[in-house]
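Heads up: the protein sequence lines correspond to chains U and G, in order.
My numbering applies: residue 229 is where the first sequence begins, and numbers increase by one.
My numbering applies: residue 229 is where the second sequence begins, and numbers increase by one.
These notes concern the structure reproduced below.
Number of protein chains: 2
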Amino acid sequence: MQGKVIFVGAGPGNPELLTLEAYQVLQEADVVLYDALVGPEVLDLIPSRTQKIYVGKRATNHSHKQREINELLLDMVRQHECVVRLKGGDTLIYARLADELAVLQQARIPYQVLAGITTLSGTAAALGLPLTSRDCGSELLITTVSTYSDLETCKAVMTFLNRGSGVAIYMPTFRGQHVLPNLLEVGVDAELPLLLVVQATLPTQRQQSTNLGQADYDQLCAFSAGDPTIFLLGWSFANYISTAMLSKVLESVHVH
Amino acid sequence: MQGKVIFVGAGPGNPELLTLEAYQVLQEADVVLYDALVGPEVLDLIPSRTQKIYVGKRATNHSHKQREINELLLDMVRQHECVVRLKGGDTLIYARLADELAVLQQARIPYQVLAGITTLSGTAAALGLPLTSRDCGSELLITTVSTYSDLETCKAVMTFLNRGSGVAIYMPTFRGQHVLPNLLEVGVDAELPLLLVVQATLPTQRQQSTNLGQADYDQLCAFSAGDPTIFLLGWSFANYISTAMLSKVLESVHVH
Chain U
229 MQGKVIFVGA GPGNPELLTL EAYQVLQEAD VVLYDALVGP EVLDLIPSRT QKIYVGKRAT
289 NHSHKQREIN ELLLDMVRQH ECVVRLKGGD TLIYARLADE LAVLQQARIP YQVLAGITTL
349 SGTAAALGLP LTSRDCGSEL LITTVSTYSD LETCKAVMTF LNRGSGVAIY MPTFRGQHVL
409 PNLLEVGVDA ELPLLLVVQA TLPTQRQQST NLGQADYDQL CAFSAGDPTI FLLGWSFANY
469 ISTAMLSKVL ESVHVH
Chain G
229 MQGKVIFVGA GPGNPELLTL EAYQVLQEAD VVLYDALVGP EVLDLIPSRT QKIYVGKRAT
289 NHSHKQREIN ELLLDMVRQH ECVVRLKGGD TLIYARLADE LAVLQQARIP YQVLAGITTL
349 SGTAAALGLP LTSRDCGSEL LITTVSTYSD LETCKAVMTF LNRGSGVAIY MPTFRGQHVL
409 PNLLEVGVDA ELPLLLVVQA TLPTQRQQST NLGQADYDQL CAFSAGDPTI FLLGWSFANY
469 ISTAMLSKVL ESVHVH
């Protein structure tokens, strides 16, 4: 017996951000292998008869654990018809999908990939914040901490910031000490608006706005408290920061 | 009487890519104002009692139509409790949300924004194509044709391409004649893999792979045939193009 694997993006945490197809696939799965970033409320949507296996990685032991996940995936798909591999956010961005796909391709096991709401889209929607704009900001750059180790790449980031475009940094705060100083060093304007959003779309979501030059890194780390965090940088966010964020608490919609 | 407006991202066209909250909101709306890029299968999910108003823009008459849409939105929300503004793709990327938000803010009308699957996520999932990778390509740059008019920005794009990162160009082919020549002019490697995906996630989805130097622009335009198209550029896509795309037709999942 050999089944198939379906990779499912669970979105940023709020279960209402699952797609219709992701929800349906979770109802039909025999086994679900899930990551640390998948929210508990998403797991609650999976029927109790379904086998759920936690495969979250430990920070200090990545490579070993990935091999274990690969082996478990093969093992499960040889025993079950429908194995779901559930990842936080989207499956295609910062989800290290390639390793697992390669293992399945090599073993000639069929698979399918379902898109999920990215943490960035969830963040922007939760704030009512357009990520591109017509007048300025016709690009959107999605990056992570490693980008800012290289000053040449920081300069390329600056080219987009100077055009008014938005930059999103998926950033574990404890690893990003160099990001803001390196941007300032290559000449990014210290007045550049910076927005930090923690645990977007969850009831525990919180955000803070400042600008590049005034940002106190230790204070931002304390605010983030080790939870999933996105930094948003861009002139096009200035208007948002000055209006919506400081004034209006919008009515929320409850759909379940 | 004054209601609220909910902005909903319809995703790239396949109705199964709606989120649970978007689906629910469409069931509860009194009126739905929808764009040209919203697929007919998504519209079929809206109850027949709901008033549906097409507000797609004509290519030659943008500014006037946007003013009309703004007025219609205000008019509708003064008559109904729940007005849905349905846009193709996500609501936050290339959806010109800012104009409509500003109008509502000024009139002090409550609104909420729901995220949608971006056309890019839908495209990548449909192809089983990771958009970032661990070894190379830790950035993802989302752009449109106007980016490539400016050679300095083309050079910044090249910095990311040289690092192995992926670049997605949301591109109406009939306006993008300058894009590929300008990338070659600033020195991007002619061997760079290029993937063109048309009408991603729909039954009419089609794709073609080539490389920057060999791409025949007129031929790509003919292939696109004026339908919504994404160009994907990046060394990290080479492996995908050489394996998955040329070999395997994966089993599809039908969830409705």
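Using N, Cα and C, we set each Cβ at its ideal position, and we do this for glycine too.
This one's a predicted model, so the numbers in the text were calculated from it and none came from an experiment.
Going along chain U in order, which residues have a C-beta closer than 8 Å to the C-beta of residue i?
{"i": "LEU248 of chain G", "result": "PRO243, GLU244, LEU245, LEU246, THR247, LEU248, TYR251, VAL483, HIS484"}
Taking Cβ to Cβ, would you say residue i is nearer than 8 Å to residue j?
{"i": "LEU271 of chain U", "j": "VAL283 of chain U", "result": "no"}
{"i": "TYR339 of chain G", "j": "ILE234 of chain G", "result": "yes"}
{"i": "THR360 of chain G", "j": "TYR322 of chain U", "result": "yes"}
{"i": "ALA396 of chain U", "j": "LYS315 of chain U", "result": "no"}
{"i": "LEU422 of chain U", "j": "LEU461 of chain U", "result": "yes"}
{"i": "ARG313 of chain G", "j": "LEU254 of chain G", "result": "no"}
{"i": "VAL311 of chain G", "j": "GLY415 of chain G", "result": "no"}
{"i": "GLN426 of chain U", "j": "THR375 of chain U", "result": "Residue identity differs from the one stated: residue 426 of chain U is Val in this sequence, not Gln. No, the Cβ-Cβ distance between VAL426 of chain U and THR375 of chain U is not below 8 Å."}
{"i": "SER393 of chain U", "j": "SER366 of chain U", "result": "yes"}
{"i": "THR387 of chain G", "j": "ALA384 of chain U", "result": "yes"}
{"i": "VAL266 of chain G", "j": "ASN298 of chain G", "result": "no"}
{"i": "VAL305 of chain U", "j": "THR278 of chain U", "result": "no"}
{"i": "ARG362 of chain U", "j": "ARG403 of chain G", "result": "no"}
{"i": "GLY441 of chain U", "j": "LEU412 of chain U", "result": "yes"}
{"i": "SER452 of chain G", "j": "THR401 of chain G", "result": "yes"}
{"i": "THR371 of chain U", "j": "GLY241 of chain U", "result": "no"}
{"i": "GLN433 of chain G", "j": "ALA353 of chain G", "result": "no"}
{"i": "LEU329 of chain G", "j": "GLY356 of chain U", "result": "yes"}
{"i": "LYS280 of chain G", "j": "LYS293 of chain G", "result": "no"}
{"i": "TYR445 of chain G", "j": "LEU408 of chain G", "result": "yes"}
{"i": "LEU448 of chain G", "j": "ASN410 of chain G", "result": "no"}
Let me see if you follow: with CB-CB separation under 8 Å, is residue i close to chain U or not?
{"i": "ALA466 of chain G", "result": "no"}
{"i": "GLU296 of chain G", "result": "no"}
{"i": "ASP446 of chain G", "result": "no"}
{"i": "PHE402 of chain G", "result": "no"}
{"i": "THR457 of chain G", "result": "no"}
{"i": "GLN230 of chain G", "result": "no"}
{"i": "SER374 of chain G", "result": "yes"}
{"i": "LEU329 of chain G", "result": "yes"}
Using a Cβ cut-off of 8 Å (strictly closer), state whether residue i contacts chain G.
{"i": "ALA418 of chain U", "result": "no"}
{"i": "ILE337 of chain U", "result": "no"}
{"i": "ILE469 of chain U", "result": "no"}
{"i": "ILE345 of chain U", "result": "yes"}
{"i": "MET473 of chain U", "result": "Its pLDDT being 48, under 50, MET473 of chain U is placed unreliably in this model, and the value from its coordinates should be taken loosely. Output row for MET473 of chain U: interface = no."}
{"i": "GLY267 of chain U", "result": "no"}
{"i": "PHE213 of chain U", "result": "Residue coverage of chain U in this structure runs from 229 to 484, which leaves residue 213 of chain U outside it and unanswerable."}
{"i": "LEU254 of chain U", "result": "no"}
{"i": "SER437 of chain U", "result": "no"}
{"i": "SER377 of chain U", "result": "no"}
{"i": "LEU411 of chain U", "result": "no"}
{"i": "VAL233 of chain U", "result": "no"}
{"i": "THR371 of chain U", "result": "yes"}
Under 7 Å Cβ-Cβ, which residues of chain U neighbour residue i?
{"i": "ARG324 of chain G", "result": "ARG362"}
{"i": "ILE321 of chain G", "result": "LEU359, THR360, LEU368"}
List, in order along the chain, the chain U residues whose C-beta lies closer than 9 Å to that of residue i?
{"i": "LEU461 of chain G", "result": "Correct list: empty, because the minimum Cβ distance to chain U is about 14 Å."}
{"i": "SER349 of chain G", "result": "GLY237, ASP318, THR319, LEU320, ILE321, ALA343, GLY344, ILE345, THR346, SER349"}
Name the two residues that bound the continuous alpha helix (DSSP H) containing residue i.
{"i": "SER452 of chain U", "result": "445 to 452"}
{"i": "LYS383 of chain G", "result": "379 to 390"}
{"i": "ILE469 of chain G", "result": "466 to 470"}
{"i": "VAL259 of chain U", "result": "Run containing VAL259 of chain U: none in the alpha helix (DSSP H); it sits in the beta strand (DSSP E), 259 to 262."}
{"i": "GLY350 of chain U", "result": "347 to 355"}
{"i": "ALA250 of chain U", "result": "248 to 256"}
{"i": "VAL270 of chain G", "result": "268 to 271"}
{"i": "ALA326 of chain G", "result": "325 to 334"}
Starting from residue i, trace the beta strand (DSSP E) in both directions and tell me its first and last residue.
{"i": "ASN410 of chain U", "result": "Here ASN410 of chain U belongs to no beta strand (DSSP E); instead the alpha helix (DSSP H) covers 407 to 414."}
{"i": "SER437 of chain U", "result": "434 to 439"}
{"i": "ALA418 of chain G", "result": "Premise fails: ALA418 of chain G is in no beta strand (DSSP E) and is neither H nor E."}
{"i": "LEU461 of chain U", "result": "457 to 461"}
{"i": "CYS310 of chain U", "result": "310 to 315"}
{"i": "ALA396 of chain G", "result": "394 to 398"}
{"i": "LYS280 of chain G", "result": "279 to 282"}
Please compile the residues from chain G whose C-beta is within a distance smaller than 7 Å of the C-beta of residue i.
{"i": "VAL341 of chain U", "result": "ALA353, GLY356"}
{"i": "GLY284 of chain U", "result": "Those within 7 Å of GLY284 of chain U in chain G number zero; the least Cβ separation is about 17 Å."}
{"i": "ARG391 of chain U", "result": "THR381"}
{"i": "ALA384 of chain U", "result": "ALA384, THR387, PHE388"}
Cβ closer than 9 Å: which chain G residues qualify as neighbours of residue i?
{"i": "THR278 of chain U", "result": "Chain G residues near THR278 of chain U: none, gap ~16 Å exceeds 9 Å."}
Decide yes or no for the touch test of the stretch 334 to 349 of chain G against the stretch 248 to 261 of chain G: beta carbon pairs closer than 8 Å, at least 3 of them.
-> yes
For the 8 Å Cβ check, are there 3 or more pairs between the stretch 421 to 435 of chain G and the stretch 447 to 466 of chain G?
-> yes
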